[in-house]
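Peer 1: Mind looking over this structure? Questions follow.
Protein chains in written order, with full-length UniProt numbering: chain A, 1 to 430; chain B, 1 to 131.
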């Protein structure tokens with residue numbers, strides 16, 4: 001069944017993938033892929049109004065909306081039009097057998113008038129509600145706790161310069177709510193309510209989104225290899241063969257790996273072993289016995305390319321089949337990178353979504369969601385190693401140590417950033 | 001450090017073959033109550049090395065807490081078991097999640113390298129010459 005899905009106007013790239021992930025979570029394997037989307041007529045892709053077909057009944061729609069961070073509500077669309085006259089015609093044409101069960105005398109209901117990109121005065125809202133007399137409401141009104149909630153939602157053709165997605169024509173929707181957002185967890189975890197905020201603390205809304213992308217639920221085992229540390233997740237792997245690391249006993253351990261690798265803008269990665277040691281220039285320093293107790297081993301910078309490669313390797317081994325790897329990957333904007341960004345690959349993984357969040361004029365971070373589709377074998381690891389070397393050779397010199405940091409913080413050529421070129425329509429900035 | 005953490009750690013020191021399970025030597029440990037979540041235990045249990053867990057509880061001087069062999073799932077997840085004092089699921093929950101080792105060490109079974117536990121945090125970092 002097709003529904004009207006109304007989103008909050010934020011994190012535009014993240015909206016559809018989140019709904020697809022939640023469909024997969026609640027309706028089972030393969031359901032995410034079978035979600036279909038359409039845009040209402042004359043709507044820009046960034047509009048908050050989307051039409052969605054979910055692989056299930058209203059209960060699924062309610063579950064998805066309830067768990068989602070970016071869905072405001074999911075509605076059974078009874079009609080729409082560019083004027084209130086057109087709306088009336090459209091609602092009247094909607095079959096009675098779909099409408100009457102929700103208009104019975106023994107039920108309670110309420111009507112909400114909502115708008116996007118403009119404000120409707122309460123007087124006008126009242127007029128709009130009163131104009132709905134062509135719908136045979138028989139139930140009693142209950143504003144606090146009603147059995148059925150109906151929504152009139154209006155958008156305008158805003159003109160061009162107010163920063164909202166360009167909509168060609170005014171549209172009015174009328175629908176019955178089948179599921180609504182429940183963002184009550186958010187205030188509890190948001191950063192401003194914390195006693196201590198570290199430099200790399202993850203925004204709570206984003207953290208919940210990442211958890212949804214990872215299909216987490218009670219009883220699942222999830223791993224964040226970068227938690228609370230800027231030192232390598234494992235001690236140096238290189239040169240010791242793939243079977244000698246801290247985790248060698250734990251193949252297929254986790255249902256999801258969710259993390260934000262240190263890509264060198266807020267915090268840089270470091271790994272065990274000194275610079276010279278890793279290059280093989282120097283023999284390892286032997287710690288004298290009397291100093292062994294409190295010795296802090298030396299570390300060397302850990303380039304993003306290396307770090308992400310190790311992450312993919314680790315995830316390939318430690319995720320169950322069908323398990324998800326969810327992580328952020330930085331992209332420089334405006335240059336060759338932004339048009340067709342190159343993401344790291346691994347033969348065990350299929351990329352199912354990439355959602356950009358613009359962080360500054362210079363760079364973005366992209367949330368990548370990958371699914372483990374092939375079991376880990378030594379043969380596959382050989383292929384992965386080749387692809388990794390190719391990736392590092394051909395792309396993104398900036399992924400190497402320090403380069404991303406300088407690209408992000410480099411002063412503008414003429415001393416001030418080029419603000420003129422920024423378009424009025426903010427798109428993914430929201 | 002919970003015994004759950006101990007169950008998942010291995011020594012990676014040069015010369016170690018499996019480095020697992022680490023021998024636990026606890027100088028100080030405390031218990032902190034945590035709400036029991038049967039679904040969480042159900043998801044976790046297949047990933048737990050039972051022998052290592054039992055060895056850890058014995059090392060803490062709790063020989064009665066867990067039996068040598070893992071009880072069958074029907075018994076652990078029997079209806080209402082979570083509410084019964086001393087039931088298998090409550091013992092497993094207690095062992096995995098409520099015991100915190102504050103001070104002590106983890107010893108590599110292959111090389112006897114000793115990893116100190118300081119203020120509840122095991123330091124698994126290897127020195128330059130041990131990698």
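The beta carbon of each residue, even a glycine, is placed where N, CA and C say it ideally should be.
If you reduce the DSSP assignment to three classes, tell me which class residue 231 of chain A lands in.
Peer 2: Low per-residue confidence applies at residue 231 of chain A: pLDDT is 41, beneath 50, and the placement is therefore not dependable enough to give any value.
Peer 1: From which residue to which residue does the beta strand (DSSP E) around residue 102 of chain B run?
Peer 2: 99 to 107
Peer 1: Given that residue 219 of chain A touches chain B, what residues does it touch there, using C-beta distances under 7 Å?
Peer 2: 39, 40, 42, 43
Peer 1: Between residue 220 of chain A and the rest of its own chain, which residues show a CB-CB distance below 8 Å, the 5 nearest in sequence each way excluded?
Peer 2: 255, 256
Peer 1: Expressed to the nearest angstrom, what Euclidean distance is found between the alpha-carbon atoms of residue 367 of chain A and residue 327 of chain A?
Peer 2: 6 Å
Peer 1: Say whether the region 11 to 19 of chain B touches the region 87 to 101 of chain B, bearing in mind that this needs 3 or more beta-carbon pairs closer than 8 Å, one atom from each stretch.
Peer 2: no
Peer 1: Tell me whether residue 74 of chain A counts as near the ligand FAD, meaning its Cβ is closer than 6 Å to at least one heavy atom of that ligand.
Peer 2: Summarising the ligand content, the structure contains no ligands, and the ligand FAD is consequently not present.
Peer 1: Could you check how far apart the C-beta atoms of residue 59 of chain B and residue 97 of chain B are, in whole angstroms? I think they sit under 8 Å.
Peer 2: Contact between residue 59 of chain B and residue 97 of chain B is absent: CB atoms are separated by about 17 Å, not below the 8 Å threshold.
Peer 1: Going along chain B, which residues have a C-beta under 8 Å from residue 295 of chain A?
Peer 2: Within chain B, the residues near residue 295 of chain A are 127.
Peer 1: Taking only beta-carbon positions, decide if residue 8 of chain A is within less than 7 Å of chain B.
Peer 2: no
Peer 1: By the three-class DSSP mapping on this structure, what secondary structure does residue 25 of chain B have?
Peer 2: strand
Peer 1: Is residue 105 of chain A buried or exposed, if buried means 16 or more other CB atoms sit within 10 Å of its CB?
Peer 2: exposed
Peer 1: Between the region 118 to 130 of chain A and the region 37 to 49 of chain A, do three or more beta carbon pairs fall short of 8 Å?
Peer 2: no
Peer 1: Just reading off the beta strand (DSSP E) that residue 370 of chain A is part of, what are its end residues?
Peer 2: 363 to 372
Peer 1: Locate the alpha helix (DSSP H) running through residue 3 of chain B, then write down its first and last residues.
Peer 2: Per DSSP, residue 3 of chain B belongs to the alpha helix (DSSP H) from 3 to 8.
Peer 1: Go ahead and label residue 18 of chain B buried or exposed: buried means 16 or more other beta carbons lie within 10 angstroms of its beta carbon, across all protein chains shown.
Peer 2: exposed
Peer 1: Does residue 370 of chain A come within less than 7 Å of chain B when only Cβ atoms are used?
Peer 2: no
Peer 1: Check whether the region 65 to 76 of chain A and the region 12 to 21 of chain A are in contact - that is, three or more C-beta pairs closer than 8 Å.
Peer 2: yes
Peer 1: Which term fits residue 80 of chain B, buried or exposed, when burial requires 16 or more other beta carbons within 10 angstroms of its beta carbon?
Peer 2: exposed
Peer 1: Between residue 365 of chain A and residue 189 of chain A, what straight-line distance do the alpha-carbon atoms span, to the nearest angstrom?
Peer 2: 22 Å
Peer 1: Do you know offhand how far residue 170 of chain A's Cα is from residue 91 of chain A's?
Peer 2: 17 Å
Peer 1: Should residue 318 of chain A go down as buried or exposed, given a rule of 16 or more other Cβ atoms within 10 Å for buried?
Peer 2: buried
Peer 1: Chain A partners of residue 47 of chain B, CB-CB under 7 Å?
Peer 2: 221, 253
Peer 1: With which residues is residue 301 of chain A paired in a DSSP beta bridge?
Peer 2: A/270
Peer 1: If you follow the alpha helix (DSSP H) that residue 76 of chain A is in, where does it begin and where does it stop?
Peer 2: Segment 71 to 81 is the beta strand (DSSP E) holding residue 76 of chain A; no alpha helix (DSSP H) there.
Peer 1: Measuring CA to CA, which of A/333, A/380, A/375 is closest to residue 357 of chain A?
Peer 2: The candidate whose alpha carbon is nearest that of residue 357 of chain A is A/333.
Peer 1: For residue 376 of chain A, decide whether its Cβ has a neighbour in chain B, counting only Cβ atoms nearer than 7 Å.
Peer 2: no
Peer 1: Here's a check: name, in chain order, each residue in its chain whose Cβ is nearer than 6 Å to the Cβ of residue 143 of chain A, leaving out the five neighbours to either side.
Peer 2: 110
Peer 1: With H, G and I counted as helix, E and B as strand and the rest as coil, what does DSSP make of residue 147 of chain A?
Peer 2: coil
Peer 1: For residue 65 of chain B, I'd like the list of residues in its chain whose CB is within less than 8 Å of its CB, leaving aside the five on either flank, ordered along the chain.
Peer 2: If we look at residue 65 of chain B and ignore the five residues flanking it on each side, its Cβ neighbours are 57, 91, 94, 95.
Peer 1: Helix, strand or coil for residue 53 of chain B per DSSP?
Peer 2: helix
Peer 1: Name the one or two DSSP bridge partners that residue 64 of chain A has.
Peer 2: Beta-bridge pairing links residue 64 of chain A to no other residue.
Peer 1: Are the CB atoms of residue 62 of chain A and residue 54 of chain A nearer to each other than 7 Å?
Peer 2: no
Peer 1: Should residue 78 of chain A be labelled buried (16 or more other beta-carbon atoms within 10 Å of its own) or exposed?
Peer 2: Result: buried.
Peer 1: Within a Cβ cutoff of 6 Å, which residues of the same chain sit near residue 371 of chain A, ignoring the five residues on either side of it in sequence?
Peer 2: 324, 350, 352
Peer 1: Against chain B, which members of the region 296 to 328 of chain A pass a CB distance test of less than 7 Å?
Peer 2: 297, 298
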